[in-house]
Amino acid sequence: MKYKIPRGTQDILPAQSKKWQYIEQKAHDLCKRYNYQEIRTPMFEQTELFARGVGDTTDIVQKEMYTFEDRGGRSLTLRPEGTASTVRAFVENKMHGWADQPVKLYYIGPMFRYERPQSGRMRQFVQLGVEAMGSADPAIDAEVIGLAMDFYRELGLKNLKLVVNSLGDKESRNNHRNALIDHFKPRISEFCGDCQSRLEKNPLRILDCKVDRDHELMSSAPSILDYLNEESLDYFKKVQQFLNDMEIPYEVDATLVRGLDYYNNTAFEIMIDGEGFGAITTLTGGGRYNGLVEEIGGPTTPGIGFALSLERLLMALDTQGVELPVEQGLDAYLVTMGDQAKEAAPKLLHQLRKKGLTVDGDYLGRKMKGQMKAADRQQAEYVLILGEDELAQNSVMVKTMATGEQELIKLNEIMEKIGK
RNA sequence: GCGGUUGUGGCGAAGUGGUUAACGCACCGGAUUGUGAUUCCGGCACUCGUGGGUUCAAUUCCCAUCAGCCGCCCCA
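The working numbering numbers the first residue of the first sequence as 10 and each following residue consecutively.
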């Protein structure tokens, strides 16, 4: 085989694409109910947008971006996530001036990260993302979380765990950050190299270090929750109250950290429990980003959103044995015998398709038995047999595959027999 | 970026330093001039991820490389 698919990408073949269509449609329907509207942004942007928007210190920017130069010498990057692009579009199209606020948007599309592929992690993967901009009401935090949970629930996914945390506002974060540095600094040499470099750059991330997770300073580390100022704490409590009201179970995990720099206040993840799933259990990640719009060059505008992976969703549905109600099978399969009947096939097939039926016929010159097998394999509800006899009577033999019964039907009455 | 593991027909899967690379499924044809099951018969890999090397000889040994899978890091 001369050409091979690029690493970390996949071809989605028909058996799978049916499922994709189903969950994508589900996403569109659900977002509509929540009154989120679709936005489609380019799959690549100026590199600087992601560097600024996602954060220079993040792994995404430091080592995972697909960056290239175009013929005009511009540095472009395949989008590694959707929020930065959405915010850029928000600012560029002056959505902050729209009459309807907040602006509630969603997108479904491929994202790209240069990483070592692994179960649940591809170099090209599809995210459903939701962003609500223009409101700092905790009710919308709860709405966004509720939307994600509803999506999974309606698809039949179980054993989900919603984890929420608050990263606090700028003041709270700074106080906490300083407390963390004070806590770890005296004994930072006991920690791994990554943690040592995290100390100054992003001490929060020391908390989810896997290497040093059992170090005594971990459990005794200052919790962000103890550093939330009154406003942040009040906000967090309201989000929780709304979740309670909506009867959405959740856990508060003070160590939940978002990897991207733009988050503040609400942060959440939806994870999947249970066996059979790989090491990666996060299905959805999201949170509030009140400083991002300004960072990208727009007016001060609060925002919140999440992104979830469709690949991981499909994987989760699979491990839980959830069967999606995907349509399959033909309404009818046309079997022809003899040259005359074969000549008549295109016209008949075309007419049936115009009436809205899903039909197919033979294009390999197979004999009747072969055509019948094909009809059976493709789960045709009816087989239409057209031979010399039927042709002579301007009719077709209609066989109901489930029962084996068959009946000679006039061509102009065929829809009355097999129409839906 | 690092580690482990795997790479034989459409799929699953044996196999050996040496004439013709098992088998199963699927598919195609025939037995059955017009009917989906079963059965029987026949067909279906100049080739064993790719490129080198060792050898009289390599799918089998060695090296490299690519890719899949799994894990670390991190995330969706």
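By construction, the Cβ of each residue, glycine as well, lies at the ideal position given by its N, Cα and C atoms.
- As for any alpha helix (DSSP H) of minimum length 4 sitting wholly inside the stretch 232-258, the runs are 239-254, ordered along the chain.
- Straight-line spacing of the CA atoms in L156 and Y43 works out to 7 Å.
- Between F53 and L87, the C-beta gap is smaller than 9 Å, which places the two residues in contact.
- A residue is called buried when at least 16 other Cβ atoms come within 10 angstroms of its Cβ; Y372 does not meet this threshold and is exposed.
- About 19 Å separates the CB atoms of N168 and L265; that is not less than 8 Å, and the two are not in contact.
- When secondary structure is reduced to three states using DSSP, Y271 falls in the coil class, being assigned neither helix nor strand.
- Under the Cβ criterion (8 Å, minimum of three pairs), the stretch 328-339 does not count as touching the stretch 347-361.
- In this structure, L137 lies near A36, with their beta-carbon atoms less than 9 Å apart.
- The C-alpha of F59 is placed about 21 Å away from the C-alpha of K179.
- N273 counts as buried, since at least 16 other C-beta atoms from the protein chains shown sit within 10 angstroms of its C-beta.
- Taken in chain order, the whole beta strand (DSSP E) runs of length 3 or more contained in the stretch 327-386 are 341-345, 368-370.
- Proximity of the stretch 396-415 to the stretch 342-352 meets the contact definition, three or more beta-carbon pairs being nearer than 8 Å.
- Sequence-distant partners of R97 (beyond 5 residues in either direction) whose C-beta falls short of 8 Å from its own C-beta, in its chain, are T50, E54, L58, G62, I305.
- Judged by DSSP secondary structure, L395 falls within the beta strand (DSSP E) whose first and last residues are 391-395.
- For N174, the enclosing beta strand (DSSP E) covers residues 169-175.
- Restricted to the stretch 39-100, the alpha helix (DSSP H) segments that are unbroken, complete and at least 4 residues in length are 56-63, 68-72, listed in chain order.
- Burial check for Y12: the Cβ neighbour count within 10 Å stays below 16, so the residue is exposed.
- Residue pairing by DSSP puts R297 in a beta bridge opposite N273, I313.
- The stretch 110-130 makes no contact with the stretch 205-213: fewer than 3 CB pairs, one atom from each, lie closer than 8 Å.
- Here K103 is exposed. Its C-beta has fewer than 16 other C-beta atoms within 10 Å.
- Within a 10 Å sphere around the beta-carbon of D79 sit fewer than 16 other beta-carbons, which makes this residue exposed.
- Classified as buried, L176 has 16 or more neighbouring CB atoms from the shown chains inside 10 Å of its CB.
- Here F160 carries a helix assignment [DSSP, helix/strand/coil].
- For the set M406, T56, Q250, the Cα lying nearest the Cα of E73 is the one of T56.
- Counting along the chain, the unbroken alpha helix (DSSP H) around K426 starts and ends at 423-427.
- E140 carries a strand assignment under DSSP once its states are collapsed to helix, strand and coil.
- Looking at the backbone, the Cα of D243 and that of L237 are separated by about 9 Å.
- In this structure, the CA atom of L301 is about 12 Å from the CA atom of E140.
- Within a 10 Å sphere around the beta-carbon of R362 sit fewer than 16 other beta-carbons, which makes this residue exposed.
- DSSP places M120 inside the beta strand (DSSP E), whose first and last residues are 112-121.
- The beta-bridge partner set that DSSP reports for I281 consists of L169.
- Rounded to whole angstroms, the gap between the alpha carbons of G283 and L317 is 19 Å.
- M255 and D150 have their C-alpha atoms some 12 Å from each other.
- No Cβ-Cβ contact shorter than 9 Å links S229 with H185.
- Relative to the Cα of R321, the nearest Cα in the group R16, I32, I14 belongs to I32.
- When DSSP states are grouped into helix, strand and coil, E124 belongs to the coil group.
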